[in-house]
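Asks:
2 protein chains.
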Amino acid sequence: MTLTKNTFIGEYSYSLDSKGRINMPAKFRQALSKDNKNTFVTTRGMDACIWVYSLNQWLEIEKSLMSLSSLSKIHRTFVRNTARYATPSTYDKQGRITIPPSLIDYASLDKDVLIIGMVNKMEIWNTKNLEKAEKEALEIDLAAYDELAEKITI
Amino acid sequence: MTLTKNTFIGEYSYSLDSKGRINMPAKFRQALSKDNKNTFVTTRGMDACIWVYSLNQWLEIEKSLMSLSSLSKIHRTFVRNTARYATPSTYDKQGRITIPPSLIDYASLDKDVLIIGMVNKMEIWNTKNLEKAEKEALEIDLAAYDELAEKITI
DNA sequence: TAAGATTGTGGGTAGTTGTGGGTAATATCA
DNA sequence: TGATATTACCCACAACTACCCACAATCTTA
């Protein structure tokens with residue numbers, strides 16, 4: 001069952017094969033609307049993982065980037081680092097995309113890989129690295145959650 | 001007789017079968033409005049149980065998550081931990097949903113299972129675990145209820 | 001109370017999904 | 001240009017899931 005178009009939730013464990021391919025969760029593929037042309041866009045995440053957008057979602061980001069002015073140094077840097085590592089990738093008949101070697105390296109991907117739905121994108125993690133990151137996350141100052149409590153009710 | 005749309009109250013005892021399915025109380029199914037598409041969303045609860053939302057209720061949460069920015073580390077962590085364990089599940093002709101193995105493990109579900117209405121969601125417990133948790137709850141400092149008294153009239 | 005409808009539980013099966021590997025087309029480089 | 005590496009596309013198969021039917025227990029209603 002798919003919720004909203006182009007949104008992703010849930011956790012899925014897959015394996016990166018010898019050819020650098022990773023399966024995309026069937027549910028995520030089904031969540032894509034047709035104008036995404038079976039294509040995802042991979043790029044560096046802000047944590048040690050790969051971010052994967054639907055084509056449409058990425059086009060939205062491109063639009064935002066265009067609104068930044070190259071007169072500002074910080075804007076130039078931000079646009080450069082965001083656009084630089086982005087790679088569109090169409091999945092094959094079995095539903096796999098090929099991950100560029102530089103991204104495999106960046107996220108230290110090994111055989112065991114975890115894909116996590118982040119609503120408007122997904123993340124690809126080395127399973128072991130994520131466990132480490134999660135432990136650190138627990139050490140985050142809980143007071144920081146107060147800010148969130150004002151925005152979100154669960 | 002159903003009270004309000006999309007709200008759940010009461011306690012029901014069911015069994016988890018060998019295929020990981022649990023029946024949803026008929027009353028809860030009837031409480032769903034049509035645009036829920038016979039779908040619930042399961043995820044980790046804050047206690048050792050599974051939380052089950054109606055599709056609509058979950059979509060509200062998704063909306064909140066989308067308002068958070070991935071530039072903030074704490075926001076990323078929160079979105080990840082919230083979206084990660086969520087799984088939409090449409091009930092079959094008999095009214096059962098399939099619980100993902102990871103959640104069965106998280107809540108230590110056994111054959112005997114208790115479903116509890118929590119108004120805007122429900123909880124699925126291992127019957128024995130709930131008894132234990134209940135005993136501990138009795139030991140809560142009753143002074144803590146003072147805080148609640150300011151928010152709630154019963 | 002009896003007949004019918006609804007509810008909860010078990011299990012079979014066809015279709016889907018994830019993974020490995022082969023081969024032909026394309027790109028790279030000396 | 002020709003040898004080599006890389007990529008895109010194809011097939012095969014095991015494991016899993018969604019969907020279907022059956023039936024006993026319970027509830028409803030006349």
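Heads up: the protein sequence lines correspond to chains D and P, in order.
Okay, so the first sequence: first residue is 1 according to our numbering, each after it adds one.
Okay, so the second sequence: first residue is 1 according to our numbering, each after it adds one.
By construction, the Cβ of each residue, glycine as well, lies at the ideal position given by its N, Cα and C atoms.
#1: Are P:Tyr12 and P:Asn120 closer than 9 Å when you measure CB to CB?
#2: If the cut is a Cβ gap below 8 Å, which residues of chain D does P:Tyr85 touch?
#3: Can you find a C-beta in chain P that's less than 9 Å from the C-beta of D:Gln107?
#4: Given 8 Å as the limit, is there contact between the region 5 to 24 of chain D and the region 112 to 126 of chain D, that is, 3 or more CB pairs closer than that?
#5: If we call anything under 9 Å between Cβ atoms a contact, is D:Ala86 one with P:Ile74?
#6: Is the Cβ-Cβ distance between D:Ser89 and D:Phe28 less than 9 Å?
#7: Between D:Met24 and D:Ile104, is the Cβ-Cβ spacing less than 9 Å?
#8: I'd like the span of the alpha helix (DSSP H) that includes D:Glu150, first residue to last.
#9: Under 8 Å between beta-carbons, which chain D residues line up against P:Leu65? List them in chain order, please.
#10: List the endpoints of the continuous beta strand (DSSP E) containing P:Arg76.
#11: Is it the case that the region 129 to 142 of chain D contacts the region 67 to 81 of chain P, given that we only count it when at least three CB pairs across the two stretches are under 8 Å?
#12: Spatial neighbours of D:Asn129 within its chain, please: CB distance less than 8 Å, with the 5 preceding and 5 following residues excluded, ordered by chain position.
#13: Using DSSP bridges, identify the partner residues of P:Pro88.
#14: Given that P:Ser89 touches chain D, what residues does it touch there, using C-beta distances under 8 Å?
#15: If P:Leu65 and P:Ala83 are in contact, beta carbons under 8 Å, what's the gap, nearest whole angstrom?
#16: Closer than 6 Å by C-beta to D:Asn36: which residues in its own chain qualify, once you throw out the five before and the five after it? Chain order, please.
#17: What residues from chain P crowd round D:Thr77, counting only those whose CB sits closer than 7 Å?
#18: Which chain D residues are close to P:Ile74, counting only those with a beta carbon under 8 Å from its beta carbon?
#19: Going by DSSP in three states, P:Lys126 sits in which element: helix, strand or coil?
#20: What did DSSP end up calling D:Ser108 once you bin it into helix, strand or coil?
#21: What whole-angstrom Cβ distance do D:Thr43 and D:Ile99 have, given they're in contact under 8 Å?
#22: Helix, strand or coil, according to DSSP, for D:Ile115 in the structure here?
#23: With 16 as the cutoff for other CB atoms within 10 Å, does P:Glu147 come out buried or exposed?
#24: Starting from D:Ser70 and walking both ways along the beta strand (DSSP E), at which residues does that stretch end?
#25: Please determine, among P:Ala26, P:Thr4, P:Lys5 and P:Asn6, the residue with the shortest C-alpha to C-alpha distance to P:Tyr155.
#26: Using a Cβ-based criterion (distance less than 8 Å to any ligand heavy atom), does D:Met46 qualify as near the ligand SAM?
#27: Any beta carbon of chain P sitting closer than 9 Å to that of D:Ala137?
#28: Quick check: what's the CA-CA separation for D:Gln30 versus D:Gln94?
#29: Are the C-beta atoms of P:Asn6 and some chain D residue less than 9 Å apart?
#30: I'd like to confirm the pairing. Which residues does DSSP put opposite P:Trp51 in its beta bridges?
#31: Where does D:Ile22 fall in DSSP's three states?
#32: Note down the Cα distance separating D:Lys19 from P:Trp51, rounded to an integer number of angstroms.
Replies: Looking at the coordinates:
#1: Counting from one through the second sequence, the residue named residue 12 of chain P turns up at place 12. Counting from one through the second sequence, the residue named residue 120 of chain P turns up at place 120. Not in contact: P:Tyr12 and P:Asn120 (Cβ atoms no closer than 9 Å).
#2: Along the second sequence, one-based indexing puts residue 85 of chain P at 85. Under the 8 Å cutoff, chain D gives Gly10 and Glu11.
#3: Against the first sequence, residue 107 of chain D aligns to sequence position 107. Note on residue identity: the sequence assigns Ala, not Gln, to residue 107 of chain D. Cβ-Cβ to chain P under 9 Å: no for D:Ala107.
#4: yes
#5: Here residue 86 of chain D refers to the residue found at position 86 of the first sequence. Here residue 74 of chain P refers to the residue found at position 74 of the second sequence. Not a contact, by the Cβ cut-off of 9 Å.
#6: As a first step, residue 89 of chain D is located in the first sequence; it is residue number 89 there, counting from the start. As a first step, residue 28 of chain D is located in the first sequence; it is residue number 28 there, counting from the start. The answer is no: Cβ separation not under 9 Å.
#7: For the purposes of this step, residue 24 of chain D is identified with residue 24 of the first sequence, where counting begins at 1. For the purposes of this step, residue 104 of chain D is identified with residue 104 of the first sequence, where counting begins at 1. Contact: no.
#8: By one-based count along the first sequence, residue 150 of chain D stands at place 150. Element bounds for D:Glu150: n/a, residue is neither H nor E.
#9: Indexing the second sequence from 1 puts residue 65 of chain P at position 65. Correct list: Val119 and Ile152.
#10: Here residue 76 of chain P is taken as the residue at index 76 of the second sequence, counted from 1. From DSSP, P:Arg76 is part of no beta strand (DSSP E) but of the alpha helix (DSSP H) over Lys73 to Ala83.
#11: yes
#12: As a first step, residue 129 of chain D must be located in the first sequence, where it is residue number 129. Cβ neighbours of D:Asn129 beyond the five flanking positions: Ala48, Cys49, Ala107 and Ser108.
#13: By 1-based counting over the second sequence, the position of residue 88 of chain P is 88. P:Pro88 is bridged to P:Val41.
#14: Here residue 89 of chain P refers to the residue found at position 89 when the second sequence is read from its first residue. Near P:Ser89 (Cβ distances below 8 Å), the residues of chain D are Met1.
#15: The count along the second sequence starts at 1 and reaches residue 65 of chain P at position 65. The count along the second sequence starts at 1 and reaches residue 83 of chain P at position 83. Right, their Cβ atoms sit about 6 Å apart.
#16: Counted from its first residue, the first sequence places residue 36 of chain D at position 36. So the qualifying residues of the chain are Ser54, Leu55 and Asn56.
#17: In the first sequence, residue 77 of chain D corresponds to position 77, counting from 1. Neighbours of D:Thr77 on chain P: none; closest Cβ ~14 Å, over 7 Å.
#18: Numbered from 1 along the second sequence, position 74 holds the residue referred to as residue 74 of chain P. Residues of chain D passing the Cβ test: Ile140, Ala144, Tyr145, Glu147 and Leu148.
#19: As a working mapping, residue 126 of chain P is identified with position 126 in the second sequence. Strictly speaking, residue 126 of chain P in this sequence is Asn, with Lys absent from that position. Strand.
#20: Taking the first sequence and counting its residues from 1, the one referred to as residue 108 of chain D is at position 108. Reduced to three states, the DSSP call for D:Ser108 is coil.
#21: Start at 1 with the first residue of the first sequence, and residue 43 of chain D comes out as number 43. Start at 1 with the first residue of the first sequence, and residue 99 of chain D comes out as number 99. No, D:Thr43 and D:Ile99 are not in contact; Cβ-Cβ is about 11 Å, not under 8 Å.
#22: Position 115 of the first sequence holds residue 115 of chain D. Reduced to three states, the DSSP call for D:Ile115 is strand.
#23: Mapped onto the second sequence, residue 147 of chain P falls at position 147. It counts as exposed.
#24: Here residue 70 of chain D corresponds to residue number 70 of the first sequence, with the count starting at 1. From DSSP, D:Ser70 is part of no beta strand (DSSP E); its letter is neither H nor E.
#25: Any property of residue 155 of chain P remains undetermined from this structure, which presents chain P solely from 1 to 154.
#26: The ligand SAM is absent from the structure shown, which contains no ligands of any kind.
#27: For the purposes of this step, residue 137 of chain D is taken as residue 137 along the first sequence, with counting starting at 1. Yes - at least one Cβ of chain P is within 9 Å of the one on D:Ala137.
#28: Along the first sequence, one-based indexing puts residue 30 of chain D at 30. Along the first sequence, one-based indexing puts residue 94 of chain D at 94. Each residue's alpha carbon lies about 13 Å from the other.
#29: On the second sequence, position 6 is the one that residue 6 of chain P refers to. By this cut-off, P:Asn6 is not an interface position.
#30: Along the second sequence, one-based indexing puts residue 51 of chain P at 51. P:Trp51 pairs with P:Thr43 and P:Glu123.
#31: Counted from its first residue, the first sequence places residue 22 of chain D at position 22. If DSSP states are grouped into helix, strand and coil, D:Ile22 belongs with the strands.
#32: Translated into the one-based positions of the first sequence, residue 19 of chain D becomes position 19. Translated into the one-based positions of the second sequence, residue 51 of chain P becomes position 51. Computed Cα separation, rounded: 39 Å.
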